[in-house]
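All remarks here apply to the structure that follows.
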């Protein structure tokens, strides 16, 4: 049993204390011993149990020095997961060099160290204990985060570590391991992660050019082959993702000029996602000569491929295909969709339902956790014929004896980490680093690592013919795809829903993936904005709910948007993103009254205390573990997240901002200006407006309380506009 032991405060650190009561012995009582009985063979009434109470100390907040020192003492404090949590998240508040210098120079000096745990031991025993502790931390660092030491061309941290080992642990296994790692890094070419999907001519074989898909060539690839090759590419990229690249405080800074090479492993995954989405669009619309029936056959083929991805548990390409089919340029092809087989539409509807935004994407979250470590997909279909085919394909895979991993949609995790970074403060009272925030982030990071491990189960062989075809595809810009869609079917855009007989074929997916900068075509050229802050009490990047398809100004840019139903005009549905899906973080819960996802990090029991105001530099330690984390489109316990865009050129670029019931117009306006890289002193020159509908706005007075004054029954979308 566990009992809360309160807090312990030391100089530069605050600890949570838990008392753990454990049974250490079960023996026969006096009467039973007289009869010759043994304790483990007797009923409870004839035994005596002995218990021991142990104390577990887990650091809650501290200075960097204390957090590094805790690496050496955490095991003694029974905080067994601390080293893994620290190594997975420390890049949010420190550099590898700073941590290594503290660890080796301050706490790892075997001659001068006065480390508290061993201070009272004799010097020889003290040295042995400290050496073992240092070796344990370094071994974990090299095992879990060896990429931290990849710093070409100098490799300063690795050389410093090697020098320390030569002086303090000569001829050890650790020394030889570091030497081998240094040689490995030096021998490897310094190059970007191969995304398999780049459309630049430099990635093509000599003489090849980008081309619009040939329908006959695409038709020659079997559905399961396409799905396997997409899965192969996704697996290779997902396994290379460095988990700390996904941290909200790091990922939210990617658009700054100096960070153009930040988080390359995540960018590569996004580029691949976008390439799949664009490939679907180009194969359907790229050939003008196609008849309606031929175009419908291509749509059917992509639905079959998506179903094969589901069997392979590849949720990334599955979502990319569904996103493309729900884009405006494809969704509006009313006549073409009428030619799609009814049975295939039912399959499409079931696949779309996986990514329903209901209850914070509850369906996809539960499915992902259910299948994360299962050997094969768990397929349930309401359509009998589809169920038979699925089980047949699944049985073939089982007969081969090859297990499968799971490739997730990475945007879900980016969302959670971005929202955690927005809702929880970086520092607590006294300027201490809030390590409780890092523990919460590690819950998400651990899921990513688990799924990466599962991907080792895949046994897929690359098909160079398909991969070369995939790379050769010329992707249509948003203007081109929409123009071709209009040429294929020139029906009025005001009535783009499918006929009543097939009205259920598409399930609206709101905010499928929302990124930092989502642009509405084709009025203006896209403008990049660099987020400021992006951590803790201020805000993170967010996205607009826009009606765009593609932005081809960069290889990464894409946003795919399904269409709102006329019954629900205020809920602008979006399948869009700045970098494809980028961070899937704009609308955590579009159903404003619904509960958070069961089993997700946004469960009740974790969020902001009522009335607490998170900030980067202040706040109590007690409030660092809030009860209900604020989310977009829902007010909960005195806080929520709104999206603010700039009127004019930046009207389609949203930024997420955390507000509380204490915030007034000047506070929110200043934060919005900072996020959009404008002078925060110009607060008096702007007015804040909430968008109620296409023709209605709510203008806030100068000193209004935003939280209480806003309309909570529509999207929490705001515009910052210069006063007339």
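Residue numbers (full-length UniProt numbering): 1 to 724.
By construction, the Cβ of each residue, glycine as well, lies at the ideal position given by its N, Cα and C atoms.
- Residue pairing by DSSP puts residue 717 in a beta bridge opposite 643.
- Shortest Cα-Cα distance from residue 55 to any of 268, 274 and 5 involves 5.
- Taking the CA atoms as reference points, residue 253 sits about 55 angstroms from residue 50.
- Measuring C-alpha to C-alpha distances from residue 716 to each of 701, 663, 654 and 684 identifies 654 as the nearest.
- Annotation: the continuous beta strand (DSSP E) that includes residue 654 extends over 654-660.
- Between the region 226-237 and the region 454-466, the count of Cβ pairs shorter than 8 angstroms is three or higher; the stretches touch.
- Under the three-state reduction of DSSP, residue 482 is assigned to helix.
- In this structure, the beta-carbon distance from residue 347 to residue 320 does not fall below 9 angstroms.
- Ranked by Cα distance from residue 224, the options 309, 657 and 481 are led by 309.
- For the pair of segments examined, the region 82-90 was found to touch the region 140-156: the number of CB pairs separated by less than 8 angstroms reaches three.
- Excluding five sequence positions before and after residue 484, the CB atoms of its chain that fall closer than 8 angstroms to its own CB belong to 285, 286, 288, 329 and 476, given in chain order.
- Put simply, the backbone Cα of residue 685 is about 42 angstroms away from that of residue 409.
- Inclusion of residue 278 and residue 306 in the CB contact set at 9 angstroms is not warranted, their separation being larger than that value.
- The alpha-carbon of residue 673 is positioned some 44 angstroms away from that of residue 303.
- The bridge partners DSSP lists for residue 61 are 14 and 434.
- In the structure shown, residue 76 falls within a coil segment according to DSSP collapsed to helix, strand and coil.
- By the CB criterion at 9 angstroms, residue 162 and residue 185 fall outside the cutoff.
- 9 angstroms or more divides the Cβ of residue 641 from the Cβ of residue 446.
- For residue 690, the enclosing beta strand (DSSP E) has its first and last residue at 686-693.
- For residue 300, the uninterrupted alpha helix (DSSP H) run begins and ends at 292-311, by DSSP.
- The Cβ-Cβ distance between residue 87 and residue 134 does not fall below 9 angstroms.
- Taking C-alpha positions only, residue 281 is separated from residue 473 by approximately 11 angstroms.
- Under the criterion of beta carbons closer than 8 angstroms, residue 709 and residue 700 qualify as touching, at roughly 6 angstroms.
- The DSSP-derived three-state label of residue 351 is helix.
- At least 9 angstroms separates the beta-carbon of residue 646 from that of residue 698.
- In this structure residue 661 touches residue 707 by the C-beta definition: roughly 4 angstroms separates them, less than 8 angstroms.
- When 78, 294 and 154 are compared, the shortest CA-CA separation from residue 219 is found for 294.
- With fewer than 16 other beta carbons inside 10 angstroms of its own, residue 23 counts as exposed.
- Residue 61 places its beta carbon less than 9 angstroms from that of residue 435.
- Under the DSSP assignment, residue 366 falls outside any beta strand (DSSP E), being part of the alpha helix (DSSP H) whose first and last residues are 362-371.
- The beta carbon of residue 221 is closer than 7 angstroms to those of 466 in its chain, skipping five residues each way along the sequence.
- Counting along the chain, the unbroken alpha helix (DSSP H) around residue 228 starts and ends at 223-240.
- In terms of Cα proximity to residue 97, the closest of 676, 64 and 372 is 64.
- Under the DSSP assignment, residue 699 falls in the beta strand (DSSP E) whose first and last residues are 696-699.
- Per DSSP, the beta bridge partners of residue 8 are 15.
- DSSP, reduced to helix, strand and coil, places residue 56 within a strand of the structure shown.
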